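Read in order, the letters of the sequence shown are residues 1 to 681 in UniProt numbering.
Each remark here refers to the structure printed beneath this line.
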Amino acid sequence: MTSNDPLLQLYRLKHLTLKNRVMSTSHEPAYSEDGMPKERYRLYHAEKAKGGMALTMTAGSAIVSRDSPAAFGNLHAYDDAIVPWLRELVDDCHEHDCKVMIQITHLGRRTNWNKADWLPVLSASPVREAAHRTFPKTIEDWDIERIVADYASAAQRMQAAGLDGIEFEAYGHLMDGFWSQATNHRDDDYGGSLDNRLRFTWRVIDAVRAAVGPDFVVGIRMVADEDFDKGLSKEEGIEIARRLASSGKFDFLNIIRGHIDTDAALTGVIPLHGMPSSPHLDFAGEVRAATKFPVFHAARISDVATARHAIAAGKLDMVGMTRAHIAEPHIVKKVMEGREHQIRPCVGATYCLDRIYEGGGALCIHNAATGREATIPHVISRTDGPLRSVAVVGAGAAGLEAARVLAERGHKVIVLEASSQAGGQVRLAAQNPRRRELIGIVDWRLAELERLGVEIRYDIWAGVDDVLALDPDAVVIATGGLPQSPPLDAGDDVVTSSWDIIAGSVKPAENVLLYDDNGGHQGMTAAELIGKAGSKLELLTPERFFAPEIGGMNHVPYMEAFHRSGVKITINTRLKSVRREGNQLVATLSSDYAKGWHEERRVDQVVVEHGTLPLDELYLELKPLSKNGGAIDYERLIHGGDIFPAKNPDGRFLLLRIGDAVQARNIHAAIYDGIRFGLRI
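What follows is the structure, encoded as structure tokens:
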């Protein structure tokens with residue numbers, strides 16, 4: 001059956017026929033093992049292939065040389081051992097008619113010297129890269145010779161693995177380090193004129209073409225405007241694009257706008273929630289119009305309507321929906337089946353990338369199956385065991401996810417919620433206007449529960465009798481937690497919780513001290529709202545670095561707000577006590593480092609953030625009535641088998657608790673609890 005949907009049209013790229021216009025651009029999920037794309041890496045890409053996309057690009061980026069040590073789990077394109085692993089990945093994706101390409105690079109200055117083999121990091125000129133704290137050495141003639149050869153041999157390995165093509169990475173790495181006058185201060189044949197600054201690129205592509213031949217697909221993901229006064233201008237960037245397109249040596253351009261040498265700059269290239277959607281789409285369209293050449297692009301194109309517009313308006317030939325597919329790998333399949341409304345939305349939280357840049361693997365804030373395909377399915381199947389009646393107490397992130405999974409498995413589910421709305425702490429977090437997209441986590445699940453026929457009973461502060469009246473076979477306690485004060489010598493009765501500020505139940509005073517020893521979004525959100533209210537604010541933390549539970553990308557908008565609001569930040573300092581004096585509060589501060597040191601702050605309001613305590617009274621009351629006494633067999637949870645040990649032969653139901661009802665964690669942990677326990681009932 002043919003379709004008139006622009007996204008579902010075929011696209012011919014050289015000898016390749018791409019079955020639609022949707023792709024996942026190269027990115028590094030940091031799932032590699034020893035630099036190899038083993039099972040976890042393969043299953044991640046195979047799931048997107050099952051989901052219907054035409055092209056998945058692996059690696060962000062695979063490194064071609066040993067002196068380009070992995071910065072965040074990069075694949076080792078310089079190692080022959082990668083070939084069979086990639087071949088297996090390619091074969092799995094080809095089974096679903098999904099083409100596979102890979103991005104290769106030399107990271108240049110965008111890595112650290114104290115990794116892997118401790119070889120010197122290099123760049124076109126010795127210009128420091130702030131993000132990786134690197135002072136690179138100036139690349140020498142013999143470095144150029146060997147790195148050009150490394151590109152060629154890496155390309156041969158990719159071709160031998162059966163990949164459908166490769167792309168060079170040229171934004172923030174070695175190749176475009178030669179292009180930009182911000183990073184190229186050379187006075188030899190590789191510096192000065194644009195011809196000279198492109199010399200390294202031409203040497204690489206010529207060597208690669210000699211190695212793989214004229215028919216293998218080779219493209220480039222390139223910056224066409226660094227968007228700052230010292231960098232590559234739009235005019236020069238588009239001129240480079242024209243030259244590459246007209247050379248006959250490249251097959252596509254994958255367009256980037258911006259620079260990535262600081263956290264703040266990176267969010268301009270890869271925006272998160274609260275920032276504009278698809279900010280560089282029109283610019284990519286300009287490059288396509290100027291070059292008359294195949295153009296790919298991805299930058300927060302997170303919804304189908306925008307992606308469809310990008311193709312229909314002729315701005316792109318292939319549209320990248322990369323983070324959108326981390327949230328929902330089956331976008332194309334759902335579009336084709338008329339289920340576009342069931343697509344799990346990307347809410348722009350960028351938990352995925354923050355985890356990568358902080359040294360962890362990519363995880364979606366509200367799709368716990370991504371990156372866990374070996375154990376957690378993206379499509380929930382009906383149970384082949386007995387159908388059960390399940391009571392879920394609490395309609396926050398954990399409870400909603402558990403209810404969704406249980407209903408998909410065929411169980412009869414009733415949700416009891418104490419408030420008049422679902423969402424719990426997610427709804428609270430979305431009170432920050434900049435983060436309001438988080439409500440999509442709740443809205444999507446409510447729509448799914450409606451589709452599945454799950455009843456949610458609101459305004460019920462459930463007690464034991466309310467639960468027993470449902471005569472359940474299993475009870476899931478997802479009651480969350482309540483804010484707690486940090487341990488103080490005195491003053492618990494005069495401080496204000498961050499929740500009260502975020503919810504709007506307490507207004508910020510004129511002069512505020514906010515003490516946060518949690519380091520997550522809760523305290524930062526309260527601080528942002530206090531600052532925007534016009535208050536004078538000092539943000540105090542005992543941590544040795546600021547907001548450790550928030551990654552570098554989410555750090556950016558908070559710091560922007562703090563600088564604009566004049567927020568003072570004090571680290572390495574602890575709140576010891578608070579007392580009232582007249583109409584003000586006096587906060588006594590102490591140090592973990594200097595015994596006996598103290599200072600005082602006289603303010604109008606002290607706001608505190610110290611995580612949550614589990615709201616577990618109902619769970620504790622139900623334990624003696626349950627079959628398993630609330631116990632979970634963790635070994636079986638991880639490795640398989642019945643997770644509910646028989647503790648009480650007279651018990652009436654299975655009992656478990658999830659999310660913050662267990663301990664203070666985050667949204668992803670709550671969602672993960674919901675699905676992994678929901679699959680085992």
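Yeah, the Cβ is synthetic: ideal placement off N, Cα and C, and Gly gets one too.
Since we're looking at a predicted model, the values are computed, not measured.
Between the alpha carbons of residue i and residue j, how many angstroms are there, rounded?
i      : j      : result
Tyr458 : Gln431 : 20 Å
Thr541 : Tyr558 : 15 Å
Ile220 : Asp317 : 15 Å
Leu107 : Cys93  : 27 Å
Ala664 : Ala526 : 18 Å
Asp229 : Leu488 : 49 Å
His341 : Leu613 : 36 Å
Leu55  : His27  : 13 Å
Leu43  : Lys292 : 36 Å
Tyr423 : Pro649 : Per the sequence shown, residue 423 should be read as Gly rather than Tyr. So the two alpha carbons sit approximately 36 Å from each other.
Ala30  : Asn74  : 7 Å
Ala46  : Leu589 : 54 Å
Glu450 : Ile301 : 28 Å
Val393 : Pro486 : 28 Å
Asp633 : Arg580 : 49 Å
Leu537 : Leu513 : 6 Å
Val556 : Leu625 : 49 Å
Met101 : Ser381 : 31 Å
Ile82  : Lys249 : 26 Å
Ser65  : Asp5   : 43 Å
Val495 : Ala362 : 37 Å
Ile460 : Asn20  : 48 Å
Gly651 : Arg409 : 24 Å
Val22  : His297 : 10 Å
Asp642 : Tyr672 : 18 Å
Arg197 : Val148 : 15 Å
Thr573 : Asp493 : 21 Å
Glu235 : Ser24  : 28 Å
Tyr151 : His563 : 43 Å
What are the partner residues of residue i, as DSSP defines its beta bridges?
i      : result
Ile477 : Val393, Arg657
Ser577 : Thr588
Val494 : Val494 is not bridged to any residue.
Leu400 : According to DSSP, which records beta bridges pairwise, Leu400 is partnered with nothing at all.
Arg457 : Leu416
Should residue i and residue j be called a contact, given that it needs their Cβ atoms to be closer than 9 Å?
i           : j      : result
Glu129      : Arg110 : yes
residue 702 : Arg435 : Since the first and last residues shown for the chain are 1 and 681, residue 702 lies out of range.
Trp85       : Lys48  : no
Gln425      : Asp188 : no
Leu575      : Asp517 : yes
Ala402      : Phe653 : no
Asp354      : Phe283 : no
Asp91       : Gly162 : yes
Phe252      : Leu529 : no
Phe168      : Val218 : yes
Ile502      : Arg657 : no
Gln103      : Gly60  : yes
Ala447      : Leu416 : no
His411      : Leu428 : no
What span of residues does the alpha helix (DSSP H) with residue i cover, start to end?
i           : result
Gly320      : Note, Gly320: premise wrong, no alpha helix (DSSP H); beta strand (DSSP E) at 318-320.
His555      : 552-565
Glu450      : 439-452
Gly274      : Taken as a continuous stretch (DSSP letters only), Gly274 belongs to no alpha helix (DSSP H), as it is neither H nor E.
Pro84       : 82-94
Val204      : 199-212
residue 682 : In the structure as shown, the chain begins at 1 and stops at 681. Residue 682 is therefore absent and cannot be evaluated.
If you follow the beta strand (DSSP E) that residue i is in, where does it begin and where does it stop?
i      : result
Leu585 : 584-590
Lys623 : It is not in any beta strand (DSSP E) - Lys623 carries neither H nor E in the DSSP assignment.
Thr134 : Here Thr134 belongs to no beta strand (DSSP E), and DSSP marks it neither H nor E.
Thr58  : 55-63
Leu16  : 16-18
Ser24  : 22-24
His27  : No beta strand (DSSP E) holds His27; DSSP gives it neither H nor E.
Met101 : 99-105
Gly237 : Segment 234-246 is the alpha helix (DSSP H) holding Gly237; no beta strand (DSSP E) there.
For chain B, check one thing: does any of its Cβ atoms lie closer than 9 Å to the Cβ of residue i?
i      : result
Gly274 : Here chain B cannot be found, since the structure has a single protein chain.
Find the nearest neighbour of residue i within the set the options, judged by alpha-carbon distance.
i      : options                        : result
Thr277 : Asp195, Gly248, Ala307, Asp251 : The question names Thr, but residue 277 in the sequence shown is Ser. Nearest C-alpha to Ser277: Ala307.
Ile638 : Met222, Ile460, Met553, Ala374 : Ala374
Arg288 : Arg133, Ile255, Lys334, Asp493 : Ile255
Asp260 : Ile144, Phe200, Ile238, Ala131 : Checking the sequence, you will find Ile at residue 260 rather than Asp. Taking only the C-alpha atoms, the option nearest Ile260 is Ala131.
Ile240 : Tyr11, Met175, Lys115          : Met175
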